[in-house]
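Residue numbers (our numbering): 64 to 187.
Reviewing the structure listed below.
See the structure below:
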């Protein structure tokens, strides 16, 4: 059962803003991956909200409204996130990763990328 609302998706997209540099980069894979993780968290929070007391549900709603999952309003997300891409991160994706880290401070982010200059030399 889908618990996400359109408002949830729009908020999550705002939380993970990148930078507009020459063209819109909202479709970059790094941001899309972080958006998927964020929406999974929001969906889980909505599920907990259904079964919470009215006070607990209100705290969860506040957390979903503010977009911070650091435990300050009742929703704490912890864990490790590993992300590998086949190219270096653009400045917009670095901004999205930073925004994710700010909103999920208890999630340890491990990132890596392929060095396309090295890989290209191997293809020749």
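Where is the CB? At the ideal position from N, CA and C, for every residue including glycine.
Measuring straight from C-alpha to C-alpha, what distance separates residue i and residue j?
i, j, result
"residue 129", "residue 96", "21 Å"
"residue 119", "residue 81", "32 Å"
"residue 111", "residue 69", "18 Å"
"residue 85", "residue 151", "17 Å"
"residue 191", "residue 178", "With the chain covering 64 to 187 only, the question about residue 191 has no answer from this structure."
"residue 167", "residue 176", "22 Å"
"residue 147", "residue 174", "6 Å"
"residue 101", "residue 113", "19 Å"
Enumerate in chain order the residues of its own chain whose CB-to-CB distance from residue i is below 7 Å, with the five nearest sequence positions on each side excluded.
i, result
"residue 115", "123"
"residue 162", "78, 79, 80"
Just to confirm my understanding: we take residue i, look at its own chain, exclude 5 residues before and 5 after, and list those with CB closer than 6 Å. What are they?
i, result
"residue 171", "143"
Using C-beta distances below 8 Å, list every residue in its chain close to residue i, excluding the 5 sequence neighbours before and after it, in chain order.
i, result
"residue 94", "79, 81, 88, 155, 156, 159"
What are the start and end residues of the beta strand (DSSP E) that includes residue i?
i, result
"residue 145", "142-148"
"residue 175", "170-176"
Quick check on residue i: does DSSP put it in helix, strand or coil?
i, result
"residue 102", "helix"
"residue 71", "helix"
What are the start and end residues of the alpha helix (DSSP H) that includes residue i?
i, result
"residue 127", "117-129"
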